[in-house]
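Sequences listed follow chains A and B, in order. Going by our numbering, the letters in the first sequence line up with residues 1 to 209, in that order. Going by our numbering, the letters in the second sequence line up with residues 1001 to 1209, in that order. For reference, the structure is listed below as structure tokens.
Number of protein chains: 2
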Amino acid sequence: MGIVERKEKQKLEIRKQILDASMKLFVEQGFENVSIRKIADLIEYSPTTVYLYFKDKNEILFNLHELGFQKMAEYNNTLWDIKNPLVRLHQMGENYIQFGLQNPEFYDLMFIQSAPMEALDTMVECDWKSGDVALGKLKETLQDCMDMNMVVKGDVNVLAMAIWSLVHGMVSLAIRHRFEKLVEEKNMIPMMKLSLNWLLNTMDSTGKK
Amino acid sequence: MGIVERKEKQKLEIRKQILDASMKLFVEQGFENVSIRKIADLIEYSPTTVYLYFKDKNEILFNLHELGFQKMAEYNNTLWDIKNPLVRLHQMGENYIQFGLQNPEFYDLMFIQSAPMEALDTMVECDWKSGDVALGKLKETLQDCMDMNMVVKGDVNVLAMAIWSLVHGMVSLAIRHRFEKLVEEKNMIPMMKLSLNWLLNTMDSTGKK
DNA sequence: TTTGGATTATTAACGGTGTTAAGTATATTT
DNA sequence: AAATATACTTAACACCGTTAATAATCCAAA
């Protein structure tokens, strides 16, 4: 039955068209300009057709959020060449900050907006795989540090939560304009890196008894 | 001219009615159910009347966001009785977490949503006073700790940024359902407190050379 | 006291949003 | 060729923030 196969391919093709159009709107006009109607306009279908390929808007946003994680992974391409886990940890944090500030719309979707998580709730595989993988890499690196006595030993989950929260806190406060009014623009990124380095240096146990 | 006075009072009265109605909608039905039309319904005026008392919706949300800071201050009512600044710092962090998790809608408005900050941009007094005051108290307490050699000395701004970011990071990730999928519900709050305590204990210099 | 101007409020409308029910074409199978 | 399943569209629902034009009200001066 080649026909069924072809139909499935066509279905996937249109799904891709929808996601491509969403992406185009997203990167060119920002989050709030991604609307079902605009997507439909771009792919030259009626708005309701979109609903034949996606359950709702949240599901589309979930897919965009996944693309965000892909883009984030690119920032960490060279990260795994770093053998020293403590250096890697530092770089990981700086990359995270860098990614967030350079791609605020993606960051928003990945870590701030509720929409993608709401989509997750209605999906069959309802684990947040992307987040799990990303956090997993942080935990691994942290564990490596502990194994090599570079970081004071402790509960990896607690420490990972602290590190992630710290960088997420900074990036999200920056993105949502909470630092702008309190910290001078030019000092912001340096201060964020100082805070991160301070945390990691405090954890550092190399050269301590 | 008592008439002008009375008119001003009436104006303030309706402004208050609008804010009260917004608040009612906000606490009873959540952020996304605060709409100009619903506010107008509640106070039994037409939607456009609202615009005679507030520039736009952002300005209303800004006022709600201020009420959030008031509510937060209540959490810290007994905080200033604590003489030991390090203990105060701990309590301050726990209160922050507590407030955020118990009042997610307020927290959202105060530290996540862009709307209130956008209102600020169009205002004459365009400093984020509430945020400044709150951060100021953190810095003060931190400075007290350093003065009493309870915390390793360093740049207060950097350390304050780190502490605030850590707790904000945890609360906002929790509120936006990023922890739910990664941490068991019942472990969440304990883990958040552990992370905070770990950070503060790491900073603690009492009993160290 | 009546007229005129300012203030306050309303109606109607613009241009959007996500989403659903019902109907129409198209393509495939019987 | 007829019946059925698939793909798509039209029309509509129920909202949203906001503005322009209009009506009603109130106060002050003539």
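Ideal Cβ positions, reconstructed from N, Cα and C, are used throughout, including at glycine.
CB contact below 7 Å: Trp80/A versus chain B: no
Coil, strand or helix - Lys209/A by DSSP: Model confidence at Lys209/A stands at a pLDDT of 43, short of 50, so the residue's coordinates are unreliable; what they give is reported in the following sentence. If DSSP states are grouped into helix, strand and coil, Lys209/A belongs with coil.
Of the residues Leu67/A, Tyr75/A, Glu8/A, the one placed nearest Asp108/A, counting alpha carbons only: Leu67/A
Residue(s) in a DSSP beta bridge with Asp204/A: Val151/A
Rounded separation between Ser205/A and Phe1054/B - CA only: 55 Å
Proximity winner among Met1191/B, Lys1024/B, Asn1095/B, relative to Cys1079/B (alpha-carbon distances): For clarity, residue 1079/B is Leu in the given sequence; the question names Cys instead. The option with the nearest alpha carbon to Leu1079/B is Asn1095/B.
Candidates Val27/A, Val124/A, Val87/A, Lys129/A: closest to Lys1181/B by CA position: Lys129/A
Reference Ser1035/B; option with closest CA among Leu1061/B, Asp1132/B, Gln1010/B: Leu1061/B
DSSP state of Phe1031/B mapped onto helix, strand, coil: helix
With 16 other Cβ atoms within 10 Å as the buried cut-off, status of Asn1084/B: exposed
Residues of its chain near Ile39/A, where Cβ-Cβ distance is below 7 Å and the 5 sequence neighbours each way are ignored: Ile18, Ala21, Ser22, Leu25, Val50
Any chain A beta carbon closer than 7 Å to Lys1186/B: no
Interface positions of the stretch 1165–1184 of chain B facing chain A (Cβ-Cβ less than 9 Å), listed along the chain: Ser1165, Leu1166, Val1167, His1168, Gly1169, Met1170, Val1171, Ser1172, Leu1173, Ile1175, Arg1176, His1177, Arg1178, Phe1179, Glu1180, Lys1181, Leu1182, Val1183
Buried versus exposed call for Thr1048/B [16 or more other C-beta atoms within 10 Å across all chains shown]: exposed
Range covered by the alpha helix (DSSP H) that runs through Arg1037/B: 1036–1043
Assigned secondary structure, Glu1128/B (DSSP; H/G/I helix, E/B strand, else coil): The residue asked about is misnamed: residue 1128/B is Trp in this sequence, not Glu. In the structure shown, Trp1128/B sits in coil (DSSP, three-state: anything other than H, G, I, E or B).
Any chain A beta carbon closer than 7 Å to Thr1206/B: no
Within 8 Å of chain A by C-beta, residues of the stretch 1100–1115 of chain B in sequence order: Phe1111, Ile1112, Gln1113, Ser1114
Of the listed residues Ile1112/B, Lys1011/B, Leu1159/B, nearest to Leu194/A (C-alpha basis): Leu1159/B
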